[in-house]
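Colleague: To start, I am sharing the structure in question, which I have written as structure tokens.
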Amino acid sequence: MFLKKIFDYGKKEEQVIENIKKHLELLCNACDLFHSAMEENDKNLVGEVVDSERKGDSIRREIIANIYAGAFLPYLRPDLCRFAEIVDRVFDFLQETALNYLEVKLPEHIRDECVRVAFLNARMCEILLISFEAMLNGEDLREKALAIRIYEKRIDDMEFSIIRDLRQIPVDDFWQGRLLADFVSGITSISDAMEDAGDHLQIINVSMKS
Amino acid sequence: MKIDEFMTTRIASIDADLSAYDAIEKMVDRRIRSLLVKFKGTDSDHGVITARDIVFKVLAKGIDPTDIKVSSIAAKPIVCVNRDVTLAEASALMEKSHIARVFVCEGEKIVGVVSLLDIMTASLIMRARGEHVS
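Going down the list, the protein sequences come from chains A and B. Per our numbering, the first sequence starts with residue 1, numbered consecutively. Per our numbering, the second sequence starts with residue 1, numbered consecutively.
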């Protein structure tokens, strides 16, 4: 592994790397679950998304604890911690959106678009995991970063058109409107945070090589 | 990779009875290059109008776009593919038919559209995933 070549790759480092990978795999699984929950309209799956967020929290704590316990060279530590925190932010958006999904009443045409956004979020997460594995192998992340940006742009475009349609929907009261707006904003923010994670991975990759 | 991952599901459309000017307005406003033209009947009766049609068949000929109906310059019928067609199959069809977009249909219903740009975008994603790009 690339990291092994550069650093004194000890047990703590190995644990951090394993946990970051586990964190990302869990995120991808949670994104898939949320997509299935929406596609099959199976609200029971939302509970599993919430469980994943909880597990993600404990993995993030373990990553940070290991880094503070001395894993990796000091100049890399803040960036690795930041990366774990950004991934955690994605979990938070996902959980919030999944919980809003339990309450929100989505008009059919908006629902279809949101299912698509959930699907693209899951695909984007796969690329994030591929990027991380590529970084461990010392590969160039240029193509992966571009793929992440493409997904993000696509979801951004969809967000604009969803919001345009959303404005035409009559709402009975303030809270119904707010829930609808929060749900759309949440489901489209997941990709924003994932793009941040991808960008940060690039930073880590560059600083490891310099 | 199947094309339904990269199709656009929000398809901007225009009524066949409206003018080319209305089509220009819609395309410029939404920054898009084509519109689905809705004729009376089912989805398979619809047509498509592109920026190319408007420029070559209307503007370049000095025709006032408010004087010409979309129906008279739209291409018909639309070219449809199944949603589980691969990108390579869709691009081969585009090349063969000399078109820049294909519609994705489920039975008689149009569910999306895939353009040349979508195919290029998808090819980048496939490279990032380490999948074969033909």
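The beta-carbon is built from N, C-alpha and C at its ideal position, and this holds for glycine as well.
Run the CB neighbour count on B:A60, radius 10 Å, all protein chains shown included, and call it buried at 16 or more, exposed below.
Modeller: So B:A60 counts as exposed.
Colleague: Just the C-alpha distance for A:A147 and A:T97, rounded to the nearest angstrom, thanks.
Modeller: Cα-Cα distance, rounded: 24 Å.
Colleague: Are the C-beta of B:T121 and some C-beta of chain A separated by less than 7 Å?
Modeller: Yes, B:T121 lies at the interface with chain A (some Cβ there is under 7 Å from its Cβ).
Colleague: Does the contact criterion of 3 or more C-beta pairs under 8 Å hold for the segment 157–169 of chain A versus the segment 54–65 of chain A?
Modeller: No, the segment 157–169 of chain A is not in contact with the segment 54–65 of chain A.
Colleague: Using three-state DSSP, classify A:V221 as helix, strand or coil.
Modeller: Nothing can be reported for residue 221 of chain A, as the shown portion of chain A is limited to 1 through 210.
Colleague: Suppose you measure from the CA of A:E85 to the CA of A:E18; what does that come to, to the nearest Å?
Modeller: Looking at the two C-alpha atoms, the distance is approximately 16 Å.
Colleague: Under the DSSP definition of a beta bridge, which residues are partnered with B:R101?
Modeller: DSSP lists B:S115 as partners of B:R101.
Colleague: Rounded to the nearest angstrom, how far is the Cβ of A:G70 from that of A:H23, given a contact under 8 Å?
Modeller: Actually they do not touch by this definition, with Cβ atoms about 20 Å apart.
Colleague: Could you work out which residues of chain A lie near B:R127, taking near to mean beta carbons separated by less than 7 Å?
Modeller: Those are E143, listed as they occur along chain A.
Colleague: Nearest by alpha-carbon distance to B:D43: which of B:A23, B:L18 and B:K76 is it?
Modeller: Of B:A23, B:L18 and B:K76, the residue nearest in Cα terms is B:K76.
Colleague: Taking 7 Å as the threshold (C-beta atoms), are A:I155 and A:N107 in contact?
Modeller: Here residue 107 of chain A is Pro; the residue named in the question, Asn, does not match the sequence. Not a contact, by the Cβ cut-off of 7 Å.
Colleague: If we cut at 7 Å on Cβ distances, does A:A147 have a partner in chain B?
Modeller: With 7 Å as the cut-off, A:A147 counts as an interface residue toward chain B.
Colleague: Taking 7 Å as the cut-off, decide whether the C-beta atoms of B:G112 and B:M7 are in contact.
Modeller: Yes.
Colleague: Using three-state DSSP, classify A:V171 as helix, strand or coil.
Modeller: Note: A:V171 maps to coil in three-state DSSP.
Colleague: Quick one: any contact between the segment 36–55 of chain A and the segment 198–207 of chain A, if contact means 3 or more CB pairs under 8 Å?
Modeller: No contact exists between the segment 36–55 of chain A and the segment 198–207 of chain A.
Colleague: What do you get for B:E95, buried or exposed, if any count of 16 or more other CB atoms within 10 angstroms of its CB means buried?
Modeller: Its Cβ having fewer than 16 others within 10 Å, B:E95 is exposed.
Colleague: Tell me, to the nearest whole angstrom, how far the beta carbon of B:F39 is from that of B:A12; I am working on the premise that it is less than 8 Å.
Modeller: The Cβ separation is near 16 Å, so there is no contact.
Colleague: Just curious, the beta strand (DSSP E) that B:V48 is in, first and last residue?
Modeller: Element bounds for B:V48: G47 to T50.
Colleague: Report the rounded CA-to-CA distance for A:G82 versus B:K2, giving the unit in angstroms.
Modeller: The identity of residue 82 of chain A in the sequence shown is Arg, whereas the question assumes Gly. Using only the alpha carbons, I get a separation of about 35 Å.
Colleague: Taking the alpha-carbon of A:D165 as reference, which of A:A118, A:K21 and A:I110 has the nearest alpha-carbon?
Modeller: Answer by Cα proximity: A:I110.
Colleague: With C-beta atoms as the reference, is B:V114 less than 7 Å away from B:I78?
Modeller: No, the pair does not count as a contact, with Cβ atoms beyond the cut-off.
Colleague: Starting from B:T42, find everything on chain A with Cβ-Cβ shorter than 8 Å and list it in chain order.
Modeller: Near B:T42 there are no residues of chain A at all, since even the closest Cβ is about 19 Å away, more than 8 Å.
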